[in-house]
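**Student:** Chains as they are written, first to last, in the working numbering: chain A, 37 to 297; chain B, 9 to 269.
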Amino acid sequence: MAKIIDETPRPTAKERVNKLVSDTQGSQAWNSIFRPGSIFRKGYTDSPRNRSYVVMNSVLYHLHPVKVKRHAVKVSYTLCLGGLSFFLFILLTVTGIFLMFFYRPEATQAWNDISNLQTSVTFGLLVRNMHRWGAHLMVLSVFLHMARVFYHGAYKAPREFNWVIGVVLLMLTLLLSFTGYLLPWDQLALWAVAVGTNMMGYTPVFGSEVRFVLLGGKEIGAETLLRWYVLHVLMLPFVIVIFMAIHFWRVRKDGGISGPL
Amino acid sequence: MTEIPEHLLKRAQAAREKAAASGDAGSEAAPAASAASEPAADPRIPAHLLERSKSAKARAAGQAEAGGGGVAVQEKVASVVQAAPTGGGVPVGAGPGGNTQRLLTVVKSGSIQEVKASPIDKVHTWPHLLAAEFVAALVCLAFTFVFSVFVNAPLLQLANNNQTPNPSKAPWYFLGLQELLTMFHPMVAGVTIPGVGLIVLILAPFIDKNPSNKPEDRKFAISLMTVHLMFWAVLVMIGSFFRGPGFNFTLPWRDGLFFEL
Chain A
37 MAKIIDETPR PTAKERVNKL VSDTQGSQAW NSIFRPGSIF RKGYTDSPRN
87 RSYVVMNSVL YHLHPVKVKR HAVKVSYTLC LGGLSFFLFI LLTVTGIFLM
137 FFYRPEATQA WNDISNLQTS VTFGLLVRNM HRWGAHLMVL SVFLHMARVF
187 YHGAYKAPRE FNWVIGVVLL MLTLLLSFTG YLLPWDQLAL WAVAVGTNMM
237 GYTPVFGSEV RFVLLGGKEI GAETLLRWYV LHVLMLPFVI VIFMAIHFWR
287 VRKDGGISGP L
Chain B
9 MTEIPEHLLK RAQAAREKAA ASGDAGSEAA PAASAASEPA ADPRIPAHLL
59 ERSKSAKARA AGQAEAGGGG VAVQEKVASV VQAAPTGGGV PVGAGPGGNT
109 QRLLTVVKSG SIQEVKASPI DKVHTWPHLL AAEFVAALVC LAFTFVFSVF
159 VNAPLLQLAN NNQTPNPSKA PWYFLGLQEL LTMFHPMVAG VTIPGVGLIV
209 LILAPFIDKN PSNKPEDRKF AISLMTVHLM FWAVLVMIGS FFRGPGFNFT
259 LPWRDGLFFE L
């Protein structure tokens with residue numbers, strides 16, 4: 037009589053996990069997500085080849101080459117200021133999206149929404165604080181980045197154009213910060229923006245027209261709030277992302293970061 | 009310079025010894041032939057050209073003693089070619105029409121081939137750069153987070169167009185401009201000065217023609233930028249901390265701060 041009972045031992049937990057991992061990594065879905073050579077397909081052990089693959093087979097390849105000049109990784113040269121500006125932009129985008137869920141750009145609602153956000157929404161106050169301080173920090177880091185680039189003479193050929201892009205990015209950062217300043221619709225916001233936009237009105241030829249379009253009237257009011265909200269959450273981020281893409285692309289095309297001195 | 013492997017050095021040494029042993033007779037013959045060729049010059053070559061080539065050869069020989077290897081080859085080639093038309097009649101190197109093929113010059117490879125730049129000292133982006141960037145981003149996030157836990161963003165009373173706070177201040181990065189407003193006409197302070205500053209900043213790489221990025225070569229540029237940055241920094245500081253009600257000068261330790269971020 038044939039044996040009915042299967043005598044092969046039950047697989048151990050470790051074997052089952054290993055099988056699950058290999059099945060997952062062999063599946064079509066997994067392999068469609070990660071490129072051939074990706075460390076998520078074949079695992080990572082420290083070797084020069086794998087070090088290259090980490091960058092080469094991920095989206096990071098848009099930002100960084102596989103290898104960089106040895107002096108370029110010295111923190112004391114760049115102080116990470118450009119990278120931190122970009123990181124702060126991402127942080128501001130994430131916290132800003134959170135804030136958008138609780139905010140209506142209407143003169144009757146805006147202040148109440150912020151007030152409710154601070155008192156009734158879980159982590160609302162913390163996220164608002166992070167958005168605020170992150171914004172000030174980004175203005176500071178972009179400005180310091182510019183100073184760093186100047187003192188290293190990094191704007192010289194072939195990087196002249198990237199310097200111009202950088203100055204545009206500084207201006208866009210200031211505009212983003214300034215448009216966001218109005219949105220809480222408190223006394224600080226209203227009068228800070230009033231002082232700022234009054235200055236703009238003195239531009240010859242088109243100053244008062246531009247001011248009228250930006251404010252949606254002669255004075256700051258409900259129209260202004262909606263316009264600056266759209267500028268702040270949509271238009272300026274859209275424009276700055278395009279300029280950032282060009283900026284980062286040119287950093288690589290112009291031969292990586294400058295120096296050494 | 010790359011290291012030459014030992015076995016190749018040994019092989020080259022052996023070949024040189026062999027050539028020295030067998031080539032004694034040959035090397036004696038060659039100069040003899042070239043010496044013989046010079047008096048019996050080819051009648052088709054004008055005398056002044058022969059004269060010029062002879063003086064050139066003499067110069068080359070002089071250089072060969074100083075310069076060594078590379079030029080020595082050139083000289084040898086020249087002597088071989090010169091040796092060819094010995095004995096008059098149709099030279100050995102003559103073409104179908106009886107034309108002599110002459111070596112006009114030996115062009116060194118460096119002058120026509122692109123010489124690859126010497127290898128740059130590079131490191132892998134992962135882990136050397138990415139790890140540093142990651143840590144910097146984490147530190148930045150931690151700082152923003154902790155700061156936000158302890159310091160709240162300001163939210164004053166609801167905006168009121170009829171109640172001007174005293175003092176009304178622009179956001180801190182515009183306080184330098186507001187400070188200028190106390191000294192100049194609004195068009196000069198708000199438009200002309202920042203406008204000119206911005207244009208000069210954008211054009212900096214095209215104005216500064218000095219190709220060096222060494223601080224000791226750019227004393228003027230660095231001084232100018234430092235003065236410029238200090239100018240704005242001082243104005244922003246005064247506007248932020250030393251201006252009280254009516255935007256009049258105050259001392260923060262005496263009258264307190266009139267500053268909101």
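We treat Cβ as the ideally placed atom computed from N, Cα and C, and that holds for glycine.
Since we're looking at a predicted model, the values are computed, not measured.
Any C-beta of chain A sitting closer than 7 Å to the C-beta of Thr133/B?
**Tutor:** Contact with chain A is found for Thr133/B, since one of that chain's Cβ atoms lies less than 7 Å from the residue's Cβ.
**Student:** Can you give me the C-alpha to C-alpha distance between Phe186/A and Gly247/B, rounded to a whole angstrom?
**Tutor:** 25 Å
**Student:** For the alpha helix (DSSP H) that Val246/A lies in, which residues bound it at each end?
**Tutor:** Run containing Val246/A: 243 to 251, per the alpha helix (DSSP H) assignment.
**Student:** Rounded to a whole number of angstroms, what is the C-alpha to C-alpha distance between Glu46/B and Ala28/B?
**Tutor:** Because Glu46/B carries a pLDDT of 48, less than 50, the predicted location of this residue cannot be relied on, and the following value inherits that uncertainty. In a straight line, the C-alpha of Glu46/B is about 27 Å away from that of Ala28/B.
**Student:** Using DSSP with H/G/I as helix, E/B as strand and the rest coil, what is Leu56/A?
**Tutor:** helix
**Student:** Check this for me: beta carbons of Arg184/A and Leu117/A, under 7 Å apart or not?
**Tutor:** The criterion of a C-beta distance shorter than 7 Å is satisfied by Arg184/A and Leu117/A.
**Student:** Are the CB atoms of Arg233/A and Leu267/A nearer to each other than 7 Å?
**Tutor:** The amino acid at residue 233/A is misidentified as Arg; the sequence shows Thr. No, they are not a contact pair.
**Student:** Below 8 Å on the Cβ atoms is my contact criterion, and I expect Gln165/B with Gln154/A to pass it. Report the Cβ-Cβ distance as a whole number of Å.
**Tutor:** Not really, about 14 Å apart at Cβ, beyond 8 Å.
**Student:** At a CB distance below 7 Å, what residues from the region 257 to 291 of chain A approach chain B? Give them in sequence order.
**Tutor:** none
**Student:** I'd like to know if Tyr97/A contacts chain B, where contact means its C-beta is closer than 7 Å to some C-beta of that chain.
**Tutor:** Closer than 7 Å: no.
**Student:** Any chance you could list the alpha helix (DSSP H) runs of at least 4 consecutive residues sitting entirely within the region 69 to 97 of chain A, in chain order?
**Tutor:** 75 to 78, 84 to 92
**Student:** Going straight from the alpha carbon of Thr158/A to that of Met271/A, what length do you get?
**Tutor:** 29 Å
**Student:** Return no unless some Cβ of chain A is closer than 7 Å to the Cβ of Asn256/B.
**Tutor:** no
**Student:** Does the beta carbon of Ile150/A sit closer than 7 Å to a beta carbon anywhere in chain B?
**Tutor:** Nearest CB-CB separation between Ile150/A and chain B: below the 7 Å threshold.
**Student:** State the DSSP-derived secondary structure class of Leu164/B, mapped to helix, strand or coil.
**Tutor:** In this structure, Leu164/B counts as coil in the three-state DSSP scheme.
**Student:** Using a Cβ-Cβ cut-off of less than 7 Å, give me the residues of the region 242 to 266 of chain B that come near chain A, in sequence order.
**Tutor:** none
**Student:** To the nearest angstrom, how far is the alpha carbon of Arg286/A from that of Thr152/B?
**Tutor:** 29 Å
**Student:** Please determine if the region 126 to 134 of chain B and the region 101 to 114 of chain A are in contact, where contact requires at least 3 C-beta pairs separated by less than 8 Å.
**Tutor:** Segments in contact, yes.
**Student:** Report the residues of the region 147 to 171 of chain A with a CB closer than 9 Å to any CB of chain B, ordered along the chain.
**Tutor:** Trp147, Asn148, Ile150, Ser151, Gln154, Leu161, Leu162, Val163, Arg164, Asn165, Met166, His167, Arg168, Trp169, Gly170
**Student:** Can you tell me the Cα-Cα spacing of Ile278/A and Gly264/B, whole angstroms?
**Tutor:** The straight-line gap from Cα to Cα measures roughly 43 Å.
**Student:** Closer than 7 Å by beta-carbon distance: list the chain A residues that pair up with Glu141/B, in chain order.
**Tutor:** Cys116, Gly119
**Student:** For Thr209/A, does the count of other Cβ atoms within 10 angstroms reach 16, so buried, or fall short, so exposed?
**Tutor:** Classification of Thr209/A: buried, given that the 10 Å Cβ count is 16 or more.
**Student:** Which value, in whole angstroms, describes the spacing of the CA atoms of Glu83/B and Val115/B?
**Tutor:** At Glu83/B, the pLDDT of 48 sits below 50, so the modelled position is not reliable; the number obtained from the coordinates is stated separately. Spanning the two alpha carbons is a distance of roughly 13 Å.
**Student:** Measure the C-alpha to C-alpha separation of Ala139/B and Phe255/B and round it to an integer number of angstroms.
**Tutor:** Going from the Cα of Ala139/B to the Cα of Phe255/B covers about 47 Å.
**Student:** Please state the DSSP three-state secondary structure of Asp290/A.
**Tutor:** coil
**Student:** With distances taken from CA atoms, which of His167/A, Glu196/A, Gly257/A, Phe134/A is nearest Ser294/A?
**Tutor:** Glu196/A
**Student:** Give the C-beta separation of Leu297/A and His188/A to the nearest angstrom, bearing in mind that I take them to be a contact with Cβ-Cβ under 8 Å.
**Tutor:** 7 Å
**Student:** Using a Cβ-Cβ cut-off of less than 8 Å, list which residues of the region 157 to 180 of chain B approach chain A; keep chain order.
**Tutor:** Residues of the region 157 to 180 of chain B that bring their beta carbon within less than 8 Å of a beta carbon in chain A comprise Val157, Val159, Asn160, Ala161, Pro162, Leu163, Leu164, Gln165, Leu166, Ala167, Asn168, Asn169, Gln171, Thr172, Pro173, Ser176, Lys177, Ala178, Pro179, Trp180, in sequence order.
**Student:** Am I right that Leu226/A and Ala167/B are in contact with their C-beta atoms under 8 Å? What's the rounded C-beta distance?
**Tutor:** 4 Å
**Student:** When we look at the beta-carbon of Asn54/A and count the other beta-carbons within 10 Å, is it buried (16 or more) or exposed?
**Tutor:** The C-beta of Asn54/A has fewer than 16 other C-beta atoms within 10 Å across all chains shown, which makes the residue exposed.
**Student:** Please report how far the alpha carbon of Pro54/B lies from the alpha carbon of Ala66/B, in whole angstroms.
**Tutor:** 19 Å
**Student:** With a threshold of 8 Å on Cβ separation, who are the neighbours of Phe266/B within its own chain once the five nearest residues in sequence on each side are excluded?
**Tutor:** Pro175, Lys177, Arg251, Gly252, Pro253, Thr258
**Student:** Under three-state DSSP, which class holds Asp42/A?
**Tutor:** coil
**Student:** Met136/A: buried (16+ other C-beta within 10 angstroms of its C-beta) or exposed?
**Tutor:** exposed
**Student:** Please report how far the alpha carbon of His98/A lies from the alpha carbon of Ile282/A, in whole angstroms.
**Tutor:** Near 11 Å, if we compare the C-alpha coordinates of Ile282/A and His98/A.
**Student:** Go through its chain and collect everything with a Cβ distance to Ser220/B's Cβ below 7 Å, but skip five positions before and after it.
**Tutor:** Arg226
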